[in-house]
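Participant:
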Amino acid sequence: MKTVLAYSGGMDSTVLLYHLLHEGHEVVALSVDYGQKHKIELQRAKTIAQVLNIHHEVADLRAITALFGRSSLTNKHTSIPQGHYEKENMKSTVVPNRNMILLSLATAWASSIQASSVSYAAHAGDHAIYPDCREEFAEALDRAIRLADWQEIYLYRPFVCFTKADLVKRGNELKVPFHKTWSCYEGKEIHCGQCGTCIERREAFHLAGIKDATPYLETAPTVERMVANEWRL
Ligand SMILES: [Zn+2]
Numbered sequence: 001m002k003t004v005l006a007y008s009g010g011m012d013s014t015v016l017l018y019h020l021l022h023e024g025h026e027v028v029a030l031s032v033d034y035g036q037k038h039k040i041e042l043q044r045a046k047t048i049a050q051v052l053n054i055h056h057e058v059a060d061l062r063a064i065t066a067l068f069g070r071s072s073l074t075n076k077h078t079s080i081p082q083g084h085y086e087k088e089n090m091k092s093t094v095v096p097n098r099n100m101i102l103l104s105l106a107t108a109w110a111s112s113i114q115a116s117s118v119s120y121a122a123h124a125g126d127h128a129i130y131p132d133c134r135e136e137f138a139e140a141l142d143r144a145i146r147l148a149d150w151q152e153i154y155l156y157r158p159f160v161c162f163t164k165a166d167l168v169k170r171g172n173e174l175k176v177p178f179h180k181t182w183s184c185y186e187g188k189e190i191h192c193g194q195c196g197t198c199i200e201r202r203e204a205f206h207l208a209g210i211k212d213a214t215p216y217l218e219t220a221p222t223v224e225r226m227v228a229n230e231w232r233l
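Be aware that the sequence shown starts at 1, since it is given in our numbering, and climbs by one per residue.
So this is what it looks like as structure tokens:
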């Protein structure tokens, strides 16, 4: 079965890539440059796809970055918030309607190569602050993309009941090279260890009981300190 993976180069979609290959799917991968500051994720996606010999495309949507307003992921005047995802200031990391845009492009590619599905790594730990990560949204989008072509394409999301820690465990089983994946929204050369997505990543490894081989900035608090502090900075 041919599928188009919405592929960010992060740990969730990389685990899904390995999972799809393990299930025997023929996979092509789509990343999108929407003007994100953490463009390094695109390079990580490219490197991992090359190692796996996967056809990987990067759609250049930098021309529409201004439509995303003051999202801290794209606007150079808005700084990336630090701390746990549950904090109110994390809402600045929302990129308006991002999943619809990414999955819509993936559907276009699926249609042009007669793929039967679009795959993405939605999981149960996706946050209430991201409205387009809700399962109701995915269900509605699934119904829509089934009508996008005469030949039905569906939205495949096998991790919808997984926590992020479950994803780490599944990735560990599949020998996913986690250290090559990218999460940090700061987008520097090394994970900062204290933005929302870095903390979520560190927490997931901790809860899974699996060693996190990701290098973090030396100035980031240790996991022990984060745990003692209930993941607050
Ligand atoms: Zn970070």
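Beta carbons: idealized from backbone N, C-alpha and C, even for Gly.
Indicate whether the contact test is met: 3 or more Cβ pairs, each with one atom in the region 157-173 and one in the region 122-138, closer than 8 Å.
Facilitator: Touching, yes.
Participant: Starting from the C-beta of K87, find all residues in its chain whose C-beta is less than 8 Å away, skip the five residues before and the five after it, and write them out in chain order.
Facilitator: Locating residue 87 in the sequence shown gives position 87, counting from the first residue. Correct list, in chain order: P81 and G196.
Participant: Is T197 a contact residue of ligand 1, with contact defined as CB to any heavy atom under 7 Å?
Facilitator: As a working note, residue 197 is residue 197 in the sequence shown. Because some heavy atom of ligand 1 lies under 7 Å away, the Cβ of T197 counts as near it: yes.
Participant: Is the beta carbon of A45 closer than 8 Å to that of S242?
Facilitator: Residue 242 is absent from the model: the chain starts at 1 and stops at 233.
Participant: Cβ of H191 versus every heavy atom of ligand 1: is any distance shorter than 7 Å?
Facilitator: Counted from its first residue, the sequence shown places residue 191 at position 191. Yes, ligand 1 has a heavy atom inside 7 Å of this Cβ.
Participant: How far does the alpha helix (DSSP H) with Y18 in it extend, from its first residue to its last?
Facilitator: Here residue 18 refers to the residue found at position 18 when the sequence shown is read from its first residue. Counting along the chain, the alpha helix (DSSP H) containing Y18 begins and ends at M11 to H22.
Participant: Do you know offhand how far E136's Cα is from Y156's?
Facilitator: The residue given as residue 136 occupies position 136 in the sequence shown. The residue given as residue 156 occupies position 156 in the sequence shown. Going from the Cα of E136 to the Cα of Y156 covers about 14 Å.
Participant: According to DSSP, what are the bridge partners of H56?
Facilitator: As a first step, residue 56 is located in the sequence shown; it is residue number 56 there, counting from the start. Partner(s): A29.
Participant: Can you tell which of I190, V227 and W231 has the C-alpha that lies nearest to the C-alpha of T214?
Facilitator: Residue mapping note: residue 214 aligns to position 214 of the sequence shown, counting from 1. Ranking the options by Cα distance to T214, first place goes to I190.
Participant: What ranges does the alpha helix (DSSP H) occupy inside the region 97-148, keeping only unbroken runs of at least 4 residues that lie completely in it?
Facilitator: If we require 4 residues or more, the alpha helix (DSSP H) runs fully inside the region 97-148 come out as 98-112 and 135-145.
Participant: Between the alpha carbons of P96 and H206, how many angstroms are there, rounded?
Facilitator: By 1-based counting over the sequence shown, the position of residue 96 is 96. By 1-based counting over the sequence shown, the position of residue 206 is 206. One C-alpha to the other measures close to 30 Å.
Participant: Could you check if Q43 is buried or exposed, using at least 16 other CB atoms within 10 Å of its CB as the buried criterion?
Facilitator: Along the sequence shown, read from residue 1 onward, the residue named residue 43 stands at position 43. Under this definition Q43 is an exposed residue.
Participant: Measure the CB-CB distance between A106 and A228 and report whether it falls below 8 Å.
Facilitator: In the sequence shown, the residue the question calls residue 106 occupies position 106. In the sequence shown, the residue the question calls residue 228 occupies position 228. Against a cut-off of 8 Å, the Cβ pair of A228 and A106 comes out as no contact.
Participant: Tell me, please, which residues DSSP counts as bridged to Y216.
Facilitator: Taking the first residue of the sequence shown as position 1, residue 216 is located at position 216. The partner list for Y216 (beta bridge, DSSP) reads H191.
Participant: Examine the Cβ distances between the region 27-34 and the region 59-75 and report whether three or more of them are shorter than 8 Å.
Facilitator: Touching, yes.
Participant: Sort out for me which residues DSSP pairs Y185 with in a bridge.
Facilitator: On the sequence shown, residue 185 is found 185 positions in, with the first residue counted as 1. DSSP output for Y185 lists no bridge partner at all.
Participant: Taking just the CA atoms, how far does S112 sit from G209?
Facilitator: Taking the first residue of the sequence shown as 1, we reach residue 209 at position 209. Taking the first residue of the sequence shown as 1, we reach residue 112 at position 112. Those two C-alpha atoms are separated by around 42 Å.
Participant: Determine the closest residue to H19 out of R202, T78, V168 and Y130, with distance taken between C-alpha atoms.
Facilitator: Here residue 19 corresponds to residue number 19 of the sequence shown, with the count starting at 1. The shortest C-alpha separation from H19 is found at V168.
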